[in-house]
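Numbering (UniProt numbering), first residue to last: 1 to 380.
We put the CB at the ideal spot given by N, CA and C, even for glycine.
Note that the coordinates shown come from a computational prediction; the quantities given were computed from them, not determined experimentally.
Notes for the one structure printed next.
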C-alpha cells in the first residue's frame, strides 16, 4: 500500500466520520457549508468536477446546470456562504482536535493487575482495557507469586507488604494526572484475603472498571451479563442472641462454604451464611447482581453490629471480582472488625491464616495465624 493511498484512505474515512457521525458544532457547520455549496452549484448554471480514484474506490462529484441572471447571482452568494461556513467548521474542528489531543495526553488509565496464584493467566489485563477508556495505559502490577509455593501462599506477610502502599500509590497517580483524568481498571486472580483488602484499599474510586477472567471464553471481561435474579439467602441470623462478641460469616457464590473447615478453625462459633440458591462459577457476570450482593453483605454487617458483634470471621467462596467488590463496601467505622480467611484444603486447619482489615483505628492490615486466634467456648 502506497503512502498516499494509505493516508488518503484515512483522510476520507476520518472526514466522513467527522461530518456525518460526530455530533459537534464544527461538524454541523461543515455539513451546513457542504449543503450550501452543493445547492448553489446545482441551481446556478455552474459546473464542477471533483475526483479521487485509486485501486479500491472512486469518489467523483460532477455538477453541471444551466441558468442565468439572478440565479447565478444567488448561486454565488450561496456558494460563498457555504465556503465560509465550511471553512469556519474546519478551523473549529482543527482547534477541537488539538484540544482533544492535549486532553488525551493528560488522561491516564491505571491498570491494577492483581496476580497471586500459580494457575494465573498469561494474558495481560492491559491488553483487554475497554476501548471506551481513552488515555495512556499505566500498569500497576501487584504480584504475589514470589510469595507462593505450588498453590499455597508460603509467606502471607511478604504478600501483604505489597498491598500496604497501594492507597498512597493511587493517590499519587491521581494527583499527578489532575482531577478527573485517571480511570482505574482492576482485575486479577489472587488469594481471597488479599483481594478483599485490595478492594477495601481502592474503595469507592471514581471511574473504576472491574474485570474478571472468563475461564471458558479464555479472556478478560467486564461483568456485563444479564441479571438472573438470584439473590443471597440468609441463614443463622434468627437464632443469634444479642451481645455475642464474635461470629463466623460464610459467603458462598461459586462453591459451598466448608462448614467443617470453619469449625476446625474456630470451634463452635455462631455461623451466619450468605449463599446464592444456585452456586456456580458463572453466577457473577452481572454488575447489577454484584451490586445487590454487596448491599446484602453490608446489610448483614450492619445488622451484626447492631446486635453487639465486635468481630466477624469472614469466609468467602466467590470469584475474584465479587471478593474485590465486597471489600470495596467494607466501612472501617460502621462495621465490626473483620478477619478474612485464606482457604487451603490440605492445611490443618483448612483456613490457616487471615488478614485483619484496617478498621476502627487500626492503621494497617495484619496477618493473623489461625493458631493465634483464641477459640471462644461453645455457646449454650
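| task | Go ahead and pull the three-state DSSP assignment for residue 227. | result | coil
| said: Let me check understanding here. Comparing Cα to Cα, which of 196, 131, 344 lies closest to residue 163? | reply: 196
| message | On the criterion of 16 or more Cβ atoms from any shown chain inside 10 Å, does residue 84 qualify as buried, or is it exposed? | response | exposed
| task | Please check the pair residue 224 and residue 126, which I expect to be a contact at CB under 8 Å, by giving their CB distance rounded to whole angstroms. | result | Rounded, the Cβ-Cβ distance is 19 Å, inconsistent with contact.
| said: If contacts are defined as beta-carbon pairs under 8 Å, then residue 140 and residue 182 qualify, I think. What distance do you get, rounded to the angstrom? | reply: That belief does not hold up - the Cβ atoms of residue 140 and residue 182 are roughly 11 Å apart, past 8 Å.
| Going straight from the alpha carbon of residue 116 to that of residue 355, what length do you get? | 15 Å
| Nearest-angstrom Cα separation, counted from residue 335 out to residue 311 | 9 Å
| field | Selected residue, minimal CA-CA separation from residue 292, among 325, 31, 236 | value | Of the listed residues, the one whose Cα sits closest to residue 292 is 325.
| field | Buried/exposed call for residue 321, threshold 16 Cβ in 10 Å | value | buried
| Mind pulling the beta strand (DSSP E) runs of 3 or more residues that sit fully within the region 328-371? | 337-342, 353-356, 366-369
| Who does residue 250 pair with in a DSSP beta bridge? | In DSSP, residue 250 forms a bridge with 273, 315.
| task | May I ask which residues mark the beginning and end of the alpha helix (DSSP H) holding residue 158? | result | 156-161
| field | Burial state of residue 343 (16 or more Cβ within 10 Å) | value | buried
| Contacts around residue 276, its chain only, beta-carbon distance under 7 Å, and the 5 residues preceding and following it disregarded | 230, 232, 252, 253, 283
| said: Please list the terminal residues of the continuous beta strand (DSSP E) segment that includes residue 187. | reply: 182-189
| query | CB residue 236 to CB residue 270, shorter than 8 Å? | reply | yes
| request: Go to residue 289, then tell me how far its alpha helix (DSSP H) extends in each direction, as first and last residue. | output: 287-306
| task | Report the rounded CA-to-CA distance for residue 386 versus residue 80, giving the unit in angstroms. | result | The structure shown does not extend to residue 386, since the chain is modelled only from 1 to 380, so the question has no answer here.
| Which term fits residue 50, buried or exposed, when burial requires 16 or more other beta carbons within 10 angstroms of its beta carbon? | Model confidence at residue 50 stands at a pLDDT of 48, short of 50, so the residue's coordinates are unreliable; what they give is reported in the following sentence. Exposed, since its Cβ has fewer than 16 Cβ neighbours within 10 Å.
| query | Under 8 Å, do residue 211 and residue 185 count as touching if we go by C-beta distance? | reply | A contact, by the Cβ cut-off of 8 Å.
| request: Please classify residue 79: does DSSP put it in a helix, a strand, or coil? | output: When secondary structure is reduced to three states using DSSP, residue 79 falls in the helix class.
| query | Excluding sequence positions up to five away, which residues of its chain have a Cβ less than 6 Å from the Cβ of residue 385? | reply | The question about residue 385 has no answer, for the chain in this structure spans 1 to 380.
| query | What residues match up with residue 113 in a beta bridge as DSSP calls it? | reply | DSSP output for residue 113 lists 141, 187 as bridge partner(s).
| field | Counted within 10 angstroms of its Cβ, other Cβ atoms place residue 371 as buried (16 or more) or exposed | value | exposed
| Contacting residues, own chain, Cβ-Cβ under 7 Å from residue 330 (five flanking each side not counted) | 200, 338, 357
| task | Please report how far the alpha carbon of residue 347 lies from the alpha carbon of residue 152, in whole angstroms. | result | Spanning the two alpha carbons is a distance of roughly 9 Å.
| task | Have a look at the DSSP bridge pairing and note the partners of residue 209. | result | According to DSSP, residue 209 bridges with 185.
| said: When you compare the CB positions of residue 240 and residue 307, do they come within less than 8 Å of one another, or not? | reply: yes
| said: On the criterion of 16 or more Cβ atoms from any shown chain inside 10 Å, does residue 154 qualify as buried, or is it exposed? | reply: exposed
| query | Quick one: Cα of residue 122 to Cα of residue 369, how far? | reply | 31 Å
| Which residue or residues does DSSP assign as beta-bridge partners of residue 235? | DSSP output for residue 235 lists 273 as bridge partner(s).
| Near residue 193, which residues of its chain fall below 7 Å by C-beta distance, leaving aside the five closest residues on each side in sequence? | Once the five neighbours on either side are set aside, the close Cβ partners of residue 193 are 340, 341, 342, 354, 355.
| With DSSP run on the structure shown, which of helix, strand or coil describes residue 27? | helix
| message | Quick check on residue 365: buried or exposed, where buried means 16 or more other Cβ atoms within 10 Å of its Cβ? | response | buried
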